[in-house]
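The numbering of the sequence shown is the numbering used here, which starts it at 78 and goes up by one.
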Amino acid sequence: PDNYEYHIRSESWFGQAQVNLFDQLFLTGALRNDGFSTFAESQKRHWYPKASAAWTFSETFGLADRFPALASAKARVAWGQAGNEPPVYGVIGGFSGADLADGSWGTFIRTTTGGQGGLVRGAARDQPDLGPERTTETEAGIDLNFLQDRLGLSATYYYSLTDDAILQAPLARSTGFFQQLQNTASIRNKGWEFTADLIPVQSKAFTWTIGGNWSKNDNLVLTLGDSARTFIGLAGGFTSASGAAVVGYPVGVLRGADFARCRGANEPPASVTGVDVAAVCAAANAPEGALYLDANGFPVQDQTLRVIAIPEPDWTAGIRSSVTLFSNIQVSGLLDIRKGGQMWNGTRGALYSYGTHGDTDARATCTAPAANSPATCTGNERVFGQTILEHEKAVVGPGVGKSVPIGENWWRLGLGNNFSGPSEQFVEDAGFVKLREIAVNYRVPVSLSRRMGMSGIDLRLAGRNLKTWTNYTGYDPETNLGGGSNVTGVDYFNNPQTRQWILSVGLNR
Numbered sequence: 078p079d080n081y082e083y084h085i086r087s088e089s090w091f092g093q094a095q096v097n098l099f100d101q102l103f104l105t106g107a108l109r110n111d112g113f114s115t116f117a118e119s120q121k122r123h124w125y126p127k128a129s130a131a132w133t134f135s136e137t138f139g140l141a142d143r144f145p146a147l148a149s150a151k152a153r154v155a156w157g158q159a160g161n162e163p164p165v166y167g168v169i170g171g172f173s174g175a176d177l178a179d180g181s182w183g184t185f186i187r188t189t190t191g192g193q194g195g196l197v198r199g200a201a202r203d204q205p206d207l208g209p210e211r212t213t214e215t216e217a218g219i220d221l222n223f224l225q226d227r228l229g230l231s232a233t234y235y236y237s238l239t240d241d242a243i244l245q246a247p248l249a250r251s252t253g254f255f256q257q258l259q260n261t262a263s264i265r266n267k268g269w270e271f272t273a274d275l276i277p278v279q280s281k282a283f284t285w286t287i288g289g290n291w292s293k294n295d296n297l298v299l300t301l302g303d304s305a306r307t308f309i310g311l312a313g314g315f316t317s318a319s320g321a322a323v324v325g326y327p328v329g330v331l332r333g334a335d336f337a338r339c340r341g342a343n344e345p346p347a348s349v350t351g352v353d354v355a356a357v358c359a360a361a362n363a364p365e366g367a368l369y370l371d372a373n374g375f376p377v378q379d380q381t382l383r384v385i386a387i388p389e390p391d392w393t394a395g396i397r398s399s400v401t402l403f404s405n406i407q408v409s410g411l412l413d414i415r416k417g418g419q420m421w422n423g424t425r426g427a428l429y430s431y432g433t434h435g436d437t438d439a440r441a442t443c444t445a446p447a448a449n450s451p452a453t454c455t456g457n458e459r460v461f462g463q464t465i466l467e468h469e470k471a472v473v474g475p476g477v478g479k480s481v482p483i484g485e486n487w488w489r490l491g492l493g494n495n496f497s498g499p500s501e502q503f504v505e506d507a508g509f510v511k512l513r514e515i516a517v518n519y520r521v522p523v524s525l526s527r528r529m530g531m532s533g534i535d536l537r538l539a540g541r542n543l544k545t546w547t548n549y550t551g552y553d554p555e556t557n558l559g560g561g562s563n564v565t566g567v568d569y570f571n572n573p574q575t576r577q578w579i580l581s582v583g584l585n586r
């Protein structure tokens with residue numbers, strides 16, 4: 078194993094002022110100064126202001142008296158800036174030991190061999206002029222409470238713009254380096270957040286509460302510095318489904334290969350040696366997205382890399398509810414919902430190649446291929462777009478309707494796997510509904526707690542990640558190969574989240 082140790086010094090100062098006018102208008106202003114050792118001397122410290130206002134307008138206009146059902150109403154607005162510092166060794170590089178390889182899965186060559194030490198320069202070039210990544214955000218919202226605070230509604234809209242986002246930009250290999258940290262991207266975020274809380278029943282013996290939240294975020298890469306640059310690769314993806322920041326898409330989309338198909342007017346046409354796929358599509362008046370089949374009846378791979386998956390969900394939501402009996406027994410539950418978002422199921426693609434996935438159980442009989450020659454297969458004949466890759470809505474080309482044997486010739490030696498075939502075929506919908514938690518809490522009566530020398534005793538039993546409803550065919554649509562990176566939606570033999578049962582005892586004195 079390798080061990081790394083580095084030290085970062087940070088220092089921050091801030092001042093804040095608050096004004097309360099008639100217990101109705103609340104104003105806040107603040108100024109923060111941050112300093113980090115990971116900046117160069119000319120960029121050590123930076124200022125970040127913020128301001129906010131909250132107005133309880135129900136008090137100003139006496140709305141509670143005019144509308145008895147309204148308990149309170151508040152409007153709020155906030156503006157602020159925040160920064161992000163570069164990682165260590167981004168400004169001033171260093172030397173380290175390394176494992177050198179030719180890109181295979183074989184043995185690596187270490188810079189320390191036979192007891193003789195050796196160091197190499199990193200692949201990233203120093204950037205002494207690197208500045209902070211600065212995000213400016215504005216948000217506005219309203220909070221309403223009704224029926225003596227038994228019903229609460231809240232809505233928030235936000236808009237943020239990140240300038241000078243720090244990314245590893247590629248460099249010409251002639252510089253002696255592969256990449257360099259640069260303030261190179263502008264990224265926009267905007268969205269809505271809604272919450273609602275309701276107490277339908279409230280009494281000494283029985284109380285029921287229910288609440289929910291819904292949010293939608295729209296992330297978009299606006300520019301990547303150089304006007305000719307359309308994407309920058311990001312760490313955290315996989316060889317055949319690599320994460321990237323692409324102009325016009327959310328941060329962290331996956332780029333990879335796809336089958337040749339009919340493309341829209343705003344996309345580059347499919348690139349296939351010796352075949353003008355766009356002309357075939359136009360002659361057949363085929364719809365956008367139609368899969369091209371060659372004269373042998375098989376799809377072919379598009380040589381142009383494209384965005385194949387957008388992991389960002391359409392929206393997320395949560396529903397929570399609790400029932401309290403006699404003030405000391407509470408049963409609660411939480412549902413998490415994610416609509417949309419895509420995940421690359423590399424596990425399925427690998428198992429196809431190994432012949433161990435259930436989809437490959439029915440297979441043609443194939444002779445062992447000689448070196449550099451195709452396998453000869455018979456049986457298990459299927460038609461692309463009908464009985465294999467049946468999700469394809471349309472097909473085009475000379476091989477339309479042709480029956481072909483499907484076995485090792487497709488799953489392992491052809492394009493039907495993750496290693497030699499396009500990655501797009503393993504992109505799936507990653508939406509889900511999860512029963513995140515069910516919990517039972519019992520509060521021991523005060524008289525009994527005091528006999529035991531305590532002011533309060535709570536017993537709690539909770540189950541987490543109990544059930545998932547999803548169309549995703551892998552183990553868990555919520556996992557990610559790169560962990561908490563800015564590239565998500567990658568599944569390659571990931572471990573699913575664990576189901577847990579937790580028993581806890583809380584003692585208060």
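Just so it is clear, CB atoms sit at the ideal spot from N, CA and C, and this is done for glycine as well.
- Query: Going by beta carbon distance, what residues of the same chain come within less than 6 angstroms of Thr272, once the five residues before and after it are set aside?
  - Reply: Ser231, Asn290
- Message: Between which two residues does the alpha helix (DSSP H) holding Thr424 run?
- Response: 423-431
- Query: Are there 16 or more other CB atoms within 10 angstroms of the CB of Gly426, so buried, or fewer, so exposed?
  - Reply: buried
- Between Arg528 and Asn542, what straight-line distance do the alpha-carbon atoms span, to the nearest angstrom? 37 angstroms
- Rounded straight-line distance, which links the Cα of Glu216 to that of Glu136: 23 angstroms
- Message: What does DSSP give as the partner residue(s) for Lys511 in the beta ladder?
- Response: Asp413, Thr545
- Task: State the beta-bridge partners of Phe91 as determined by DSSP.
- Result: Arg109
- Item | Own chain partners of Arg489 with C-beta closer than 6 angstroms, once the 5 adjacent residues on each side are dropped | Ser430
- Could you give the residue range of the alpha helix (DSSP H) that holds Ala305? No alpha helix (DSSP H) contains Ala305, which DSSP labels as neither H nor E.
- Pull up the distance between the alpha-carbon of Val582 and that of Leu536, whole angstroms please. 5 angstroms
- Message: For chain B, check one thing: does any of its Cβ atoms lie closer than 9 angstroms to the Cβ of Val473?
- Response: Protein chain content of the structure displayed is limited to a single chain, and chain B is not contained in it.
- According to DSSP, which residues form a beta bridge with Thr272? Ser231, Asn290
- Message: Spatial neighbours of Pro573 within its chain, please: C-beta separation below 7 angstroms, excluding the five flanking residues on both sides.
- Response: Tyr552, Asp553, Thr556
- Gly253 versus Ala200 - alpha carbon distance: 8 angstroms
- Query: Just to confirm, are Ala516 and Ser404 a CB contact at a threshold of 9 angstroms?
  - Reply: no
- Message: Need the endpoints of the beta strand (DSSP E) that Phe403 sits in, please.
- Response: Counting along the chain, Phe403 falls outside any beta strand (DSSP E), and DSSP gives it neither H nor E.
- Item | Nearest candidate by alpha-carbon position, reference Gly341, set Arg332, Ala363, Pro327, Gly171 | Ala363
- Query: CA-CA distance, Leu258 and Glu469?
  - Reply: 41 angstroms
- Message: Just list the residues that DSSP pairs His434 with in beta bridges.
- Response: Note: His434 sits in no beta bridge, so no partner.
- Looking only at its own chain, which residues have a Cβ that is under 7 angstroms from the Cβ of Arg86, when we skip the five neighbours before and after it? Ser114
- Item | Leu224 to Lys151 span [Cα, whole Å] | 16 angstroms
- Starting from Asn161 and walking both ways along the beta strand (DSSP E), at which residues does that stretch end? 147-161
- Message: Check whether the stretch 128-147 and the stretch 104-111 are in contact - that is, three or more C-beta pairs closer than 8 angstroms.
- Response: yes
- Going by DSSP, name the residue or residues bridged to Glu505. Met420
- Could you spell out the range, first to last residue, of the alpha helix (DSSP H) harbouring Ala360? 354-361
- Task: State buried or exposed for Glu587, treating a residue as buried only when at least 16 other CB atoms are found within 10 Å of its CB.
- Result: The question about residue 587 has no answer here: the residues shown for the chain are numbered 78 through 586.
- Message: So if DSSP puts Pro554 in a beta bridge, which residue, or which two residues, is it bridged to?
- Response: Paired residues: none, contrary to the question.
- Message: On the DSSP letters alone, give me the boundaries of the alpha helix (DSSP H) that Thr137 sits inside.
- Response: 134-137
- Task: Would you kindly check if the distance between the Cβ of Gly456 and the Cβ of Gly484 is under 9 angstroms?
- Result: yes
- Under the assumption that Arg211 contacts Gly160 (Cβ atoms under 8 angstroms), give the Cβ distance between them as a whole number of angstroms. 5 angstroms
- Measure the beta-carbon distance from Phe255 to Thr424 and round it to whole angstroms, keeping in mind my assumption that it falls under 8 angstroms. Contact flag wrong, Cβ pair sits at about 29 angstroms.
- Task: With a 10 Å radius around its C-beta and 16 neighbouring C-beta atoms as the bar for buried, classify Gly195 as buried or exposed.
- Result: exposed
- Sufficient close CB pairs (3 or more, under 8 angstroms) joining the stretch 470-484 to the stretch 501-515: no
- Please list, in chain order, all residues of the same chain as Trp392 whose beta carbon is under 6 angstroms from its beta carbon, the five residues on each side excluded. Lys293, Lys416
- Task: Could you give the DSSP three-state label for Glu485: helix, strand or coil?
- Result: helix
- Message: I need the straight-line Cα distance from Thr213 to Gly268, nearest angstrom please.
- Response: 14 angstroms
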